[in-house]
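See below for the structure under consideration.
There are 2 protein chains.
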Amino acid sequence: MGRPSKKAERTEQILAAFQRCVARSGLEGSTLDQIAEEAGMQRSLVRHFAGNREELVRTLAHWVIGNSVPVWEEFKAGIPEDNPLDYLLDGLFEEKNTNPETVLVISALTFSAGNDPDLAKMLRNWINSFTQDIQTILGSIFPQAKREQVDAVAFGLVSLNFNLDALSPLNIGPEYRRAARTCAESLISTLRNASE
Amino acid sequence: MGRPSKKAERTEQILAAFQRCVARSGLEGSTLDQIAEEAGMQRSLVRHFAGNREELVRTLAHWVIGNSVPVWEEFKAGIPEDNPLDYLLDGLFEEKNTNPETVLVISALTFSAGNDPDLAKMLRNWINSFTQDIQTILGSIFPQAKREQVDAVAFGLVSLNFNLDALSPLNIGPEYRRAARTCAESLISTLRNASE
DNA sequence: TAATATATTATCAATATTGACAATTTACCC
DNA sequence: GGGTAAATTGTCAATATTGATAATATATTA
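As you go down the protein sequences, you meet chains A and B in turn. For the first sequence, my numbering assigns the number 1 to the initial residue and increments by one for each residue that follows. For the second sequence, my numbering assigns the number 1001 to the initial residue and increments by one for each residue that follows.
This is how it looks when you write it as structure tokens:
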């Protein structure tokens, strides 16, 4: 009995708003009032559903990381038999497939991770698994390449992808996106040469 | 006549302290009191020498960018005739030659550049010239490589370098540094193959 | 030593931000 | 319709942060 709970829905709205705010103004630059306004509700509601600031930040970290998992899993599940490389590169570097928000929030959280060992561990694990997945993908495409080479290339792809998103507030030109794509292809070609 | 001015010295102390604070807590996460304490002086002095917050941030951007120039120029001037590549890679990726602070501050400024077109332009120019310098260096080492390839590799080196510094708050292991170095060498090897 | 320009300290007001909680309203069930 | 649990609104105090300026101390020169 009693009124039906909107906790799940409201929490989702709040975190989505928080993510947008952080991507725009950074973590410490996002006040509870801004988050509330972005979410279209009063600050009291933010507190009611998401607790105080400390809890809210912690929840955001879990939420962002948690959200990225199914998206990435779906992406991995969609890897085609033929031409998996183009699929991978399109997913990582084509503008239409890219939303800088996640990486910007991760970047903002990384800053404050310097003062929060738990958060640092969480982000390390996230980046590790992301990188390792790419290593696995590349390893299956180039089974004869050396493991060390594959790992290095995977790290390179992640770096290129992160850097592109991190620079997005500067409104850099499309030539940077092309350079990243070209660079990624060059990197992968080193695996091809090594494995043939 | 009158008491000798300490403006230059004090301003330097303030900006150096501000830089440390920003690298640790981000731009909006650094209060004037924290900056003052880090600089070992009262907030009143910070205001007296560096103006209000807006001026202080603007000054910091100019200072960080300005400071990076002579360091980089000196580095470029030291490029040896034989084995310039190892010199370049050591400079970009060896821990002993690296101080993440500058990149962390640039990263923090990049965030707020989304709301400050002037700042965005400044940072774009900075990254442009940094990237172009590396393009020039690579181009002189591999004169027969295609320009597009050289540009892509230069962007790749910058991305690897930035990413490594940006992840430093996470206390990532040395394997990431090795991966970055290995990846950079792979990238450069693509130029070598193309030019021979 | 007096004049002077600057550093340094001390302090106040204005605003921003957060934390907390009471009061009210709303939707569902019996 | 009455009871109930939760949403929603409203409000207050405590603290943090900034902006600004007066008051004082100090080092240099004439």
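Glycine included, every Cβ here is placed at the ideal spot set by N, Cα and C.
Item: Closest Cβ-Cβ distance between residue 141 of chain A and chain B: below 8 Å?; Value: no
Item: DSSP three-state call for residue 142 of chain A: helix, strand or coil?; Value: coil
Item: Between the C-alpha atoms of residue 174 of chain A and residue 1080 of chain B, what's the straight-line distance to the nearest angstrom?; Value: 34 Å
Item: Just how far apart, CA to CA, sit residue 1149 of chain B and residue 1112 of chain B?; Value: 32 Å
Item: Report the residue from B:1054, B:1128, B:1013 and B:1082 whose alpha carbon sits nearest the alpha carbon of residue 1065 of chain B.; Value: B:1128
Item: Residue 1059 of chain B lies in the alpha helix (DSSP H); which residues open and close that run?; Value: 1053 to 1077
Item: Hey, does residue 1020 of chain B have any beta-carbon neighbour from chain A nearer than 8 Å?; Value: no
Item: Under 7 Å, CB to CB, which of the residues in the region 1163 to 1195 of chain B have a partner in chain A?; Value: 1163, 1166, 1167, 1169, 1170, 1171, 1172, 1176, 1179, 1180, 1182, 1183, 1186, 1187, 1189 and 1190
Item: Would residue 1023 of chain B and residue 1089 of chain B be called neighbours here (beta carbons separated by less than 8 Å)?; Value: no
Item: Which residues in the same chain as residue 1199 of chain B place their Cβ atom closer than 8 Å to its Cβ, once the five residues preceding and following it in sequence are excluded?; Value: There is simply no residue 1199 of chain B to check, as chain B begins at 1001 and stops at 1196 in what is shown.
Item: What number of angstroms, rounded off, separates the C-alpha of residue 167 of chain A from the C-alpha of residue 1004 of chain B?; Value: 43 Å
Item: At a CB distance below 9 Å, what residues from the region 1096 to 1112 of chain B approach chain A? Give them in sequence order.; Value: 1104, 1107, 1108, 1110, 1111 and 1112
Item: Using a Cβ-Cβ cut-off of less than 9 Å, give me the residues of the region 1064 to 1084 of chain B that come near chain A, in sequence order.; Value: none
Item: Nearest to residue 1094 of chain B by CA position, among B:1042, B:1191, B:1028 and B:1177, is which residue?; Value: B:1177
Item: Are three or more beta carbon pairs between the region 40 to 51 of chain A and the region 118 to 128 of chain A nearer than 8 Å?; Value: no
Item: Under 8 Å between C-beta atoms, does residue 132 of chain A make it to chain B?; Value: no
Item: Let's test the definition: count the other Cβ atoms within 10 Å of the Cβ of residue 1107 of chain B and tell me whether it reaches 16, buried, or not, exposed.; Value: buried
Item: In this structure, does DSSP put residue 1172 of chain B in helix, strand or coil?; Value: coil
Item: In the region 1026 to 1053 of chain B, which residues sit with their C-beta less than 8 Å from some C-beta in chain A, listed in chain order?; Value: 1026, 1027, 1028 and 1029
Item: For residue 143 of chain A and residue 1131 of chain B, what's the separation of their Cα atoms in angstroms?; Value: 34 Å
Item: If the cut is a Cβ gap below 8 Å, which residues of chain A does residue 1150 of chain B touch?; Value: Going along chain A, no residue has its Cβ under 8 Å from residue 1150 of chain B, so there is no contact; the nearest lies around 10 Å.
Item: In its own chain, which residues sit with a C-beta less than 7 Å from the C-beta of residue 38 of chain A, not counting the 5 before and 5 after it?; Value: 17, 20 and 21
Item: Could you check what DSSP says for residue 1110 of chain B in three-state terms: helix, strand or coil?; Value: helix
Item: Name the chain A residues whose beta carbon is nearer than 7 Å to that of residue 1160 of chain B?; Value: 156 and 159
Item: Just checking residue 190 of chain A against the ligand MG - is the residue's beta carbon closer than 7 Å to any of the ligand's heavy atoms?; Value: This structure does not include the ligand MG; it has no bound ligands of any sort.
Item: Would you decide whether residue 46 of chain A is buried or exposed? Buried here means 16 or more other CB atoms lie within 10 Å of its CB.; Value: buried
Item: Output yes if chain A places a C-beta closer than 8 Å to the C-beta of residue 1003 of chain B; else output no.; Value: no
Item: Taking residue 84 of chain A as part of the alpha helix (DSSP H), name the residues at either end of that continuous run.; Value: 84 to 93
Item: In chain A, what lies closer than 8 Å to residue 1123 of chain B by C-beta?; Value: 170
Item: Rounded to the nearest angstrom, how far is the Cβ of residue 49 of chain A from that of residue 7 of chain A, given a contact under 8 Å?; Value: 6 Å
Item: Given that a residue counts as buried once 16 or more other Cβ atoms are within 10 Å of its Cβ, and exposed if not, what is residue 151 of chain A?; Value: buried
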